[in-house]
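Student:
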Amino acid sequence: MALIYRNRHRSHHHCAPNSGNPNRRAPARRNLCRCKSLSAVSLLLSSAILLLGGCQWAASGQNSTGARLYEQGQYSAALQQFQKVITTDPNNADGYYNLAATNHRLGNQRSDSQQLAQAEALYNQCLDHDPNHVECHRGLAVLLTDTGRPDRAFALMKNWAAQNPDFAEPRIELARLYEEVSDPGTALKYLEDAVQKNPNNARAWLALGRLREQSGDLNQAVQNYQRSLALNGLQPMAAERVAVLARQISANAETSYANGQSQIATQPNFNSGMVRQY
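For the sequence shown, the numbering used here gives the first residue as 4, with consecutive numbering after it.
(1) Quick check on the burial criterion: 16 or more other C-beta atoms within 10 angstroms. Buried or exposed for Asn203?
(2) According to the neighbour-count rule (16 or more other Cβ atoms, all chains shown, within 10 Å of its Cβ), is Leu237 buried or exposed?
(3) Expressed to the nearest angstrom, what Euclidean distance is found between the alpha-carbon atoms of Leu287 and Gln84?
(4) Tell me the residue span of the alpha helix (DSSP H) that contains His140.
(5) Considering only residues of the same chain and omitting the five flanking positions on each side of Ala5, which have a CB-CB separation below 8 Å?
(6) Would Leu214 pass as a contact of Pro187 if the rule is Cβ separation under 9 Å?
(7) Compute the Euclidean distance between the alpha carbons of Ala122 and Tyr181, then round it to the nearest angstrom.
(8) By a C-beta neighbour count over all protein chains shown, 10 Å radius and 16 as the cutoff for buried, is Asp92 buried or exposed?
(9) From Tyr126 to Asp169, what does the alpha carbon distance come to, in whole angstroms?
(10) Report the rounded CA-to-CA distance for Thr148 versus Asp154, giving the unit in angstroms.
(11) Where does Arg152 fall in DSSP's three states?
(12) Taking the alpha carbon of Tyr193 as the reference point, which residue from His132, Ala171, Leu248, Ala233 has its own alpha carbon closest?
(13) Return the CA-CA distance between Ile89 and Asn106, expressed in angstroms with no decimal places.
(14) Would DSSP call Phe157 helix, strand or coil?
(15) Evaluate Arg113 with the Cβ neighbour count: other Cβ atoms within 10 Å of its Cβ, from every protein chain shown; 16 or more gives buried, anything less gives exposed.
(16) Assuming Val245 and Tyr260 form a contact by the criterion Cβ under 8 Å, report the distance between their Cβ atoms to the nearest whole angstrom.
(17) Looking at C-alpha atoms only, which residue of Asn101, Thr189, Ala190 is the closest neighbour of Gly69?
(18) Is Asn262 buried or exposed, if buried means 16 or more other CB atoms sit within 10 Å of its CB?
(19) Roughly how many whole angstroms lie between the Cα atoms of Ala249 and Val225?
(20) Considering only residues of the same chain and omitting the five flanking positions on each side of Ile175, which have a CB-CB separation below 8 Å?
(21) Below 9 Å between beta carbons: does that hold for Leu3 and Ala178?
(22) Taking 6 Å as the limit between beta carbons, can you name the residues of its chain near Gln128, skipping five residues before and five after?
(23) Quick one: what does DSSP say Val225 is sitting in, helix, strand or coil?
(24) Exposed or buried, Ala144, counting other C-beta atoms within 10 Å across all chains shown (16 or more means buried)?
(25) Determine the extent of the alpha helix (DSSP H) in which Leu102 is found, giving its start and end residues.
(26) Tell me the residue span of the alpha helix (DSSP H) that contains Leu237.
(27) Counting C-beta neighbours from all protein chains within 10 Å, is the total for Lys200 16 or more, i.e. buried, or is it exposed?
(28) Can the beta-carbon of Leu109 be found closer than 9 Å to that of Leu82?
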């Protein structure tokens, strides 16, 4: 407000010259003052936007640096970078997640319950800033399971799914949890639900393909992998699985055909039904 009033005072020296009618000067002065006030507000807003953008840009660079250090196994140095992220941008959910994940890793390595508790708190802070942060939900669920609280991990994911009935990601993560506790049937149901919620979710199709491959349903697995690749071609592992399974399906077909030919040759009874299979 001080900037606005100061500019209004300065405008007395820039208003239109007197044309002999004193009633014309005041409106001209008010209009010019109003313009200068708006300019000051625009400048203030622009400065704030630039400052916010600068903070986000700096935080993004710090996250990238920290991620490289993490991948190199330099966890303490990575922690310092991720701490800078949330100092620079206190609303940066990725910064809280990265900080949580690093503390989680170190807590597991050192069997440090305090560091694991800190990781849990940071995961929750991440979710405070981004309630649909996928990696953060996953990290927190893993931590809860690692610390003997799988029931809370399932509750976390089920609550997330209930709050987002049309969002596929909670169902993908729930399927992952069920798969990890050796319940592939329930996992399959959640993945089928996920692709119904969002048929364009490459992660859901990929997970569905992997689960069907594990169950021995190779033809369906290939179709699921191919659907995932059609949505996201940058998945070399999925492309590799399609190639491997295609060769396996072909080899299985040749083996079945050879066995069938052998059965026909040794069982000339055409009423047996063996021929109808091929």
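Quick reminder that beta carbons are idealized off the backbone N, C-alpha and C, glycines included.
Tutor: In short:
(1) exposed
(2) exposed
(3) Residue 287 lies beyond the stretch modelled for the chain, which goes from 4 to 281, so this question has no answer here.
(4) 137-149
(5) Low confidence applies here, because Ala5 scores a pLDDT of 38, under 50, leaving its location unreliable; read the following figure in that light. Same-chain partners within the cutoff: there are none.
(6) Yes. Within cutoff.
(7) 23 Å
(8) The residue is buried, with at least 16 neighbouring Cβ atoms inside 10 Å.
(9) 24 Å
(10) 8 Å
(11) coil
(12) Residue Ala171 is the option with its Cα nearest to Tyr193.
(13) 15 Å
(14) Phe157: helix per DSSP, three-state reduction.
(15) exposed
(16) So it is not a contact: roughly 22 Å between Cβ atoms.
(17) Ranked by Cα distance from Gly69, the first of Asn101, Thr189, Ala190 is Asn101.
(18) exposed
(19) 7 Å
(20) The answer, listed in chain order, is Tyr193, Leu194, Ala197, Asn204, Arg206, Ala207, Ala210.
(21) Because the chain spans 4 through 281 in this model, residue 3 falls outside it and cannot be assessed.
(22) Tyr99
(23) If DSSP states are grouped into helix, strand and coil, Val225 belongs with the helices.
(24) buried
(25) Element bounds for Leu102: 96-113.
(26) No alpha helix (DSSP H) holds Leu237; DSSP gives it neither H nor E.
(27) When all chains shown are included, Lys200 counts as buried.
(28) Their beta carbons are under 9 Å apart, which means Leu109 touches Leu82 by this criterion.
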